[in-house]
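Below: one structure, written as C-alpha cells.
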Amino acid sequence: MLSFLEVVDRALNGPICTEKDFDLKIFVPNLRKVLQKYNIKYDPQNPVPFDDDLADRVWQAGIEFLIETGLFCLDTERRIIFTREEIESAIDSGPHGCVFGEGKDARVVPRRSPEDKTPPFCSVGPTSAPVSSDWIYLQAVKGHVMNPLSDALTMPCLTVVDGRQIVANSPLGIEGSIRAILLVREAMRRAGRPGMAVVNGVTTASRSQEHIAAHHFGMRKSDAFEIGTVHEMKIDFDSLNKITYALASGTLIFGENGLIIGGLAGGPAGVAVVQAAYNPVDLLVLRAAVQHPFPTHFDLVTSSIRESIWARSLGNQAATRNSTLPVVNIGYSAGGPMTKMLFYEHAAWCIASVASGGSIEVGGAGRGVTLDFTSPIEPIFASEMAHAVAGMTRKEVNKIVQSLLAKYEDKIRTPPPGKKYQECFDATAGMPIKEYNKMDIEVRKEMADEFGIQLKNTSPFL
Amino acid sequence: MLSFSEVINRALNGPICTERDFDLGIFVPNLRKVLSKYNIKFDPTTPIPSDDDFADSVWQAGMEFLEATGMYCLDTERRIIFTREEIEGALQTGPKGCLYGQGKDARIMPRRYPEDKTPPWCSGSGAGPVSKEEYVVNIVKTYAEDALSCGITAPALTNVDGLPVQANSPTAIEGAVRTILLTREGLRRAGKPGLAVVNEVSSAIRAAEHIAGHRFGNQYVDHLEIGTIHELKVDLDALNKVAYCESLNNLTFAENGIIIGGFAGGPAGAAVVACAYNPVDMLVLRGAAQHPFIVPFEKGTSSRRDALWARSVSIQATSRNSPLPAVSPGYTSAGPLTEMAYYEYAAWIITQVVSGGSIEIAPPYRGVLTDHCSPVENIFGNGVGYAAAGMTRDDANRIVLALLEKYEDKIADPPKGKPYTEYFDPANARPNKACVKLFYQMRKEFTDEFGLEFKNTAPF
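Line by line, the protein sequences are chains X and P. Following numbering that gives the first Met the number 0, the numbering of the first sequence begins with 0 at its first residue and continues without gaps. Following numbering that gives the first Met the number 0, the numbering of the second sequence begins with 0 at its first residue and continues without gaps.
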C-alpha cells in the first residue's frame, strides 16, 4: 500500500483545482457517468436489496469513479489521485480483524459478508450526542457500557466546562476534550468494563489539537480516533494531522464518511456508489482499521429513512463483498428516547446494515442534536436485534424492514421528542423508570409476535 | 492569581475592538503617554545603564501601560483587561524557583537580580533550521555535554524524508514528533537523559504539532514555549497550548517577541512593553519563565546597541520588581566560525546576565540559515554567562562598549560563516581542529582583554 507520506506529498503537490471545479466539473459528471454505465437505480420497494450482481456493479462503479475523481484537499486546493493498481494494492494489504479494547473487554471487529452468521461488532453510546453536565455524562456513559453486547463505546459530547459553553478551537475545547475522556474512563471503571475501547475518540473535540491533547489523558492504542472525510470526497489538513498523530502513536482509526442524500452525490444510487468509493480512500488516506460510513438525508438528517437504508445496505454489500476493510455503520434516528418510534428506527437500520455485511454503532436519538436526549435502553435493544438477524437472508430482513418502516415512516418529519436522560432515568441510581422498562418489554414482545425474533435477555435493566 | 479559566472568559467575552483600533487607538497612545510621563529615553552611550531608579520607573510605566491597554485576542477581536490588583496578585503569587529536568540533570531556574553572583540559567544548542536528522542528534549531544548547560533549545528540522515541513500540515506533526525523538536521543547519547527541553517543539508551529510532539518526549521534563504576538496580542492557538500545559502541570517558557521599530517604537518603548509582558506571561501564558527577546525590525539581531540597551533596562526593571525569572534568547548577525559571532554573543550575554537575567543562546546569523548552526559558540556563551555573574553593570558596560566597537560597523553586512559540515565531523560529532582552535583563541582573548575567567567544562 502507498505510504502515508506519499499521500501527503500528493495533497501538497497534486494537480491544482478550485473546489467549485472539483465539485461541479469533476465529481458530479464522473458520478453521473458511472451511474449510467452500470445502470444503478434506486428501488424504494426493496430497502434491503438482495442482488449480488447489483452490489458488485456498485463496487465497480465506485472504484472507477474514484480513479477518475480522486480526493480533494481543501487546504492546498489540490487533487489526490490514485491509480487502480494503488487502490487494489490498498485493498489487498489493508487491515482486517483489528482488536479494539484491552484485557477481557478486547473485541475483534470482524470482516463480515452479506447474510453472514458472524455476530456484528456493536458499538453503543450516545454517538456524540450533546450532554449538559459532567454528572449526566458519567451516568449516561456508564449505562451504555453496561450493555453486555456492547463491544465498544461511542462517547457523547460535553457541551460545557464549569458552566462555560465549549467553543471549538479554543482552550475550552482542549479542556472539554480532556474532561470527556477522563469521565469516560471513570464511567467504564464503574461499569466493570475498564478495558473497553472508545471508537469515536475524542468527541467534544473538534480540531486536531483537541483530539491529540485528550489522547494524552486517557485514550489508548486500542481505542480509535474517529477521523472523517469532508462532504464529498474531500479532506483537510486538520484531519490529515490527526492521522499523522494516530500513526505515530499507534492508535487505531475509524474512517468516517458522512454522505449526504440530496448533496453532491445526488440521490440514494449516487450515495451508494460514493460510499463504495470511500472504502479504499479510508485505507489509503485515513489509514483506517474500519470504514465508518453514514449516509443521511440533507433535510431530515436521519439514517432510518427508506432512501438512507437502501443506500447504506447497497454500499455495505458492495464493500463487504469486495474489500477487506470491515464496515461499521453509524446511524441517527429521528424519535427521541422512550418512544416506540426510536426502537423501530434503530431496529430497521441496524438489521439492514447487519444483513448487508456491516456492523453497527447505535445510540443516536432525536437526530443526535438535542441536549441530554440519550438513553442506553434502545441501543441495548438494537444490539440484541443486530445479533438476532446475523445469518438471516437479506430477503427476510427486507420484509421486516418494510414492516418497521410502516410503523414510523409517516412520522419522520415530526417525530416524538421523547424524554431527556434525567427524565427517563433515575440519574442517581442510573436505572430506567418503570414505564420505560414496560415499553422495552412491549416492543420486545412485538418483535417476537410479528417477526419471530426472540431476543436474548441481556439487558442489565430488565 | 486569576484563574486561567477567567482569562479565557475574558478572551471570549471581553470588550470588542478591531485590531487596528487596538494598535493605533489604544496601544500606541497609551505607550507614548507613559514614556512621556516617566521620561524614559534611549541613551546610546550607555548600553548597560546602572540607575536603579530609572529601572524602577520603567517598571512602573510598564504596569500603568498594561493596566490601561490590556491584551488583544486576535481570534475573538476582544480585549483581555486586567486591573492593577489582578496584576499585583499575579506578581505576588507567580512561580519562582521552578525545577527543570529530572534526576541528576535537574536544575532550578534562579530568580536573579542586577549584578547578582548567582550563575545564570543557560540553555541553547546553537541550532536553528537543520536539514539532516543526524545533525540534530549531534548538535544537541555536543551542547548537552557541556556541564554548564541547564536545558536544551532544540533545533528545527526542516524536512521529513525530503518533504519540507509545512506548518499546519501532517509534515509538521511528523516533523515535531521526529524532532523531539531526535533531541531526546541526542541527550541520551550525551549522558544527560534528564535535561529539560525548553522550547518544545521547535519544528512545530500550531498547537496540534506542539501537543503531538510533546506526547513523544518526556512529559515531565520537556516544556512548551508559548508566545504572545507582536504586540500585546495572543491567539486561541497559543491559549490552546496553555490549556494543555495547565492540564498536564507542564512548565511553560512564555515567549515575547518585541520589535524595535514596530508598534513599540524605539528602544525606550520596547523596554516598557517588555516589562508589561512580565505579568501577562503569568496571567495569560501561565509561564514559569519570561522569555523576552527584543530585536530590531530590520536586522533581526540581539547584539545591536539599541537592542542591548532595551534588553538591559527591561531585565533590570523586571528582575528588581517581579518574581518571574527572565531568560532571554539572543541571536547574532555573523555566522558560525567567525570572530564577530563570538563578540556579538559575548556582548548580549554579558548585558543580560549583569542586568539580572538568564540566557538562551540562539543560533548565529539570526538563525535563518539552514545548517549554519554551532554548539561551539553556544558553549562559549555558557562560559561568558558564568564569568559575568557578579560583575557590576558599570564594568560590563565598558566591556560591551569595547565589543560593540569590534563588530557594530559590520552588522549591516556580516560574515556568513561556514555551514555545519565544514567545521564539524559528521561521523564523530566533534568540531574540527580549526573550530576548536578558534574557540580557545577567543576565550584567551576575552581573558586577556577583559579579565573573564572561564571554567574548563567544554566537551572538546
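Even glycine gets a Cβ: it sits at the ideal position worked out from N, Cα and C. Owing to the predicted nature of the structure, the values given are computational and were not obtained by experimental measurement.
For this session: Give me whichever residues DSSP pairs with Phe-224 of chain X in a beta bridge.
Result: DSSP links Phe-224 of chain X through a beta bridge to X:Gly-200, X:Ile-252.
Exercise. Taking DSSP as the reference, what is the three-state secondary structure of Ile-260 of chain X?
Worked result: When DSSP states are grouped into helix, strand and coil, Ile-260 of chain X belongs to the strand group.
For this session: Would you mind sorting Gly-355 of chain P into buried or exposed? The rule is 16 or more other CB atoms within 10 Å of its CB.
Result: Label assigned to Gly-355 of chain P: buried.
Problem set entry | Residue interval of the alpha helix (DSSP H) (run including Cys-423 of chain X) | In this chain, the alpha helix (DSSP H) harbouring Cys-423 of chain X covers 420–423.
Exercise. In chain P, which residues lie with their C-beta within 9 Å of the C-beta of Leu-239 of chain X?
Worked result: The contact set of Leu-239 of chain X on chain P, defined by CB atoms closer than 9 Å, consists of Ser-168, Pro-169, Ile-172 in chain order.
Problem set entry | Terminal residues of the beta strand (DSSP E) in which Glu-144 of chain P lies | For Glu-144 of chain P, no beta strand (DSSP E) run applies, since DSSP gives it neither H nor E.
Exercise. Taking only beta-carbon atoms, is Val-229 of chain X less than 9 Å away from chain B?
Worked result: Structure shown: chain B not included; protein chains present are X and P.
Exercise. Checking contacts by CB at 9 Å: is Thr-202 of chain X closer than that to chain P?
Worked result: With 9 Å as the cut-off, Thr-202 of chain X does not count as an interface residue toward chain P.
Problem set entry | DSSP state of Asn-175 of chain X mapped onto helix, strand, coil | According to the sequence displayed, residue 175 of chain X carries Gly and not Asn. Gly-175 of chain X: helix per DSSP, three-state reduction.
Exercise. Would you call the stretch 329–347 of chain X and the stretch 171–185 of chain X touching, i.e. three or more CB-CB distances under 8 Å?
Worked result: With the cut-off at 8 Å, the stretch 329–347 of chain X and the stretch 171–185 of chain X do not touch.
Exercise. Taking the beta strand (DSSP E) that Arg-77 of chain X falls in, what are its first and last residues?
Worked result: Taken as a continuous stretch (DSSP letters only), the beta strand (DSSP E) holding Arg-77 of chain X covers 77–79.
For this session: Starting from Leu-223 of chain P, trace the beta strand (DSSP E) both ways and give me its first and last residue.
Result: Looking at the DSSP string, the run of the beta strand (DSSP E) that includes Leu-223 of chain P is 221–226.
Problem set entry | Nearest candidate by alpha-carbon position, reference Asp-104 of chain P, set P:Val-196, P:Glu-133, P:Glu-87, P:Pro-119 | Checked all of P:Val-196, P:Glu-133, P:Glu-87, P:Pro-119; the closest Cα to Asp-104 of chain P is P:Val-196.
For this session: Could you spell out where the alpha helix (DSSP H) holding Leu-299 of chain X opens and where it closes?
Result: Neither: Leu-299 of chain X is in no alpha helix (DSSP H) and is coded neither H nor E.
Problem set entry | Inter-residue spacing [alpha-carbon to alpha-carbon] between Glu-460 of chain P and Pro-322 of chain P | Since the first and last residues shown for chain P are 0 and 459, residue 460 of chain P lies out of range.
Problem set entry | C-beta neighbour in chain P for Ile-211 of chain X, strict 9 Å | Yes, Ile-211 of chain X counts as interfacial toward chain P.
For this session: Please report how far the alpha carbon of Asn-460 of chain P lies from the alpha carbon of Asp-22 of chain X, in whole angstroms.
Result: In the structure as shown, chain P starts at 0 and stops at 459, and residue 460 of chain P therefore has no counterpart that could be examined.
Exercise. What residues match up with Asn-158 of chain P in a beta bridge as DSSP calls it?
Worked result: As a beta-bridge residue in DSSP terms, Asn-158 of chain P pairs with P:Pro-163.
Exercise. If you measure from the beta carbon of Glu-208 of chain P to each beta carbon in chain X, is any gap under 9 Å?
Worked result: Interface residue, yes.
Exercise. Does DSSP classify Asp-50 of chain P as helix, strand or coil?
Worked result: Correct three-state label for Asp-50 of chain P: coil.
Exercise. Taking only beta-carbon atoms, is Ile-440 of chain X less than 9 Å away from chain P?
Worked result: It does not; no Cβ of chain P falls within 9 Å.
Exercise. Beta carbon of Gly-93 of chain X: closer than 8 Å to some heavy atom of the ligand FAD?
Worked result: The ligand FAD is not part of this structure, which contains no ligands at all.
Exercise. DSSP puts Leu-157 of chain X in a beta bridge; with which residues?
Worked result: The partner list for Leu-157 of chain X (beta bridge, DSSP) reads X:Val-130.
Exercise. How big is the Cα-Cα spacing for Met-438 of chain X and Tyr-343 of chain X?
Worked result: Looking at the backbone, the Cα of Met-438 of chain X and that of Tyr-343 of chain X are separated by about 12 Å.
Exercise. Is it right to say Trp-134 of chain X is buried, meaning 16 or more other beta carbons lie within 10 angstroms of its own, or is it exposed?
Worked result: Under this definition Trp-134 of chain X is an exposed residue.
Problem set entry | Cβ contact check for the stretch 279–298 of chain X and the stretch 23–31 of chain X: 3 or more pairs under 8 Å | No: fewer than three Cβ pairs fall under 8 Å.
Exercise. Under a CB-based cut-off of 9 Å, is Val-241 of chain P close to chain X?
Worked result: When Cβ-Cβ separations below 9 Å define contact, Val-241 of chain P makes contact with chain X.
Exercise. Which residues, taken in chain order from the stretch 7–33 of chain P, show a beta carbon closer than 9 Å to some beta carbon of chain X?
Worked result: Correct list: Ile-7, Asn-8, Ala-10, Leu-11.
Exercise. From the beta carbon of Asp-145 of chain P, is the nearest beta carbon of chain X less than 9 Å away?
Worked result: With 9 Å as the cut-off, Asp-145 of chain P does not count as an interface residue toward chain X.
Exercise. What span of residues does the alpha helix (DSSP H) with Tyr-342 of chain P cover, start to end?
Worked result: Where Tyr-342 of chain P is concerned, the enclosing alpha helix (DSSP H) stretches over 338–353.
Exercise. With a CB to CB cut of under 8 Å and the five nearest residues on each side skipped, what residues in its chain are close to Glu-76 of chain P?
Worked result: Counting only Cβ-Cβ distances below 8 Å, and skipping sequence neighbours, we find Ile-15, Cys-16, Thr-17, Glu-18.
Exercise. Taking the alpha carbon of Tyr-136 of chain X as the point to measure from, which residue in X:Pro-416, X:Asp-371, X:Glu-422 has its own alpha carbon closest?
Worked result: With distances taken between Cα atoms, Tyr-136 of chain X lies closest to X:Asp-371.
Problem set entry | Contact set for Lys-116 of chain X: own chain, Cβ-Cβ below 6 Å, skip 5 residues either direction | Within the same chain, Lys-116 of chain X has close Cβ partners Ala-389, Gly-390.
For this session: Could you please give the first and the last residue of the uninterrupted beta strand (DSSP E) stretch that includes Cys-121 of chain P?
Result: Residues 121–123.
Exercise. Which one or two residues does DSSP pair with Met-70 of chain P in a beta bridge?
Worked result: Answer by DSSP bridge pairing, in chain order: P:Ile-79.
For this session: Taking the CB atoms as reference points, tell me whether Ala-67 of chain P and Ile-25 of chain P lie closer together than 9 Å.
Result: In this structure, Ile-25 of chain P lies closer than 9 Å to Ala-67 of chain P by Cβ.
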